[in-house]
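K.L.:
Numbering (our numbering), first residue to last: 384 to 558.
Ideal Cβ placement from N, Cα and C applies to all residues, glycine included.
Mind looking over this structure? Questions follow.
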């Protein structure tokens, strides 16, 4: 669509330096040419057994972010196909999970790659039934921080497109 391309090319451009400075994540980070995907870098779950590429942008604009999201949907389909092919046959045998978990004293930080970028959770346990402290690192919050920089001197219509390219989830931003 020529209109879509003309309305998204060259606006909301993020450089790799800006991406690092603001701590953006996911497709927004990758649009700036940085191939950062925790599924490849941390290789958790069975991602190390899956064949998929990390799409990156060339210009860091709204159009690149869109193209990356489309490529990631295609990647998701390939990953699902590979995972299904590796599933063993037979009945599902899962251990019964207790209704209450009582983690040992200590702390842990775990990250996963979500469609919007890095989702991290830091938990401190005091051996009670719930966490003593818990802190989330959500991609929408970090991605929103770059918006004022990207919106400087642009038309209102372009600001809306830029905001849309950040793919924000409002409850994640509420602090």
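If I measure Cβ to Cβ from residue 551 and keep anything under 7 Å in the same chain, skipping five residues before and after, which residues do I get?
P.N.:
Counting from one through the chain shown, the residue named residue 551 turns up at place 168. If we look at residue 551 and ignore the five residues flanking it on each side, its Cβ neighbours are 523, 526 and 527.
K.L.:
Cα separation between residue 483 and residue 512?
P.N.:
Within the chain shown, residue 483 is the residue found at index 100, counting from 1. Within the chain shown, residue 512 is the residue found at index 129, counting from 1. Taking the straight line from one Cα to the other gives about 7 Å.
K.L.:
Mark residue 452 as exposed unless 16 or more other C-beta atoms lie within 10 angstroms of its C-beta, in which case mark it buried.
P.N.:
In the chain shown, the residue the question calls residue 452 occupies position 69. Buried: at least 16 other Cβ atoms inside 10 Å.
K.L.:
What are the start and end residues of each continuous beta strand (DSSP E) run of 3 or more residues lying completely inside the region 498-526, in chain order?
P.N.:
Those beta strand (DSSP E) runs which fall completely within the region 498-526 and span 3+ residues are 500-508 and 516-520.
K.L.:
Nearest CA to the CA of residue 418: which residue from 427, 438 and 488?
P.N.:
Position 35 of the chain shown, counting from 1, holds the residue named residue 418. Taking only the C-alpha atoms, the option nearest residue 418 is 438.
K.L.:
Could you check the C-alpha separation between residue 539 and residue 499 for me, to the nearest Å?
P.N.:
Residue 539 sits at position 156 when you count from the first residue of the chain shown. Residue 499 sits at position 116 when you count from the first residue of the chain shown. Their backbone Cα atoms lie some 24 Å apart in a straight line.
K.L.:
Under the three-state reduction of DSSP, which class applies to residue 427: helix, strand or coil?
P.N.:
Counted from its first residue, the chain shown places residue 427 at position 44. Coil, per DSSP.
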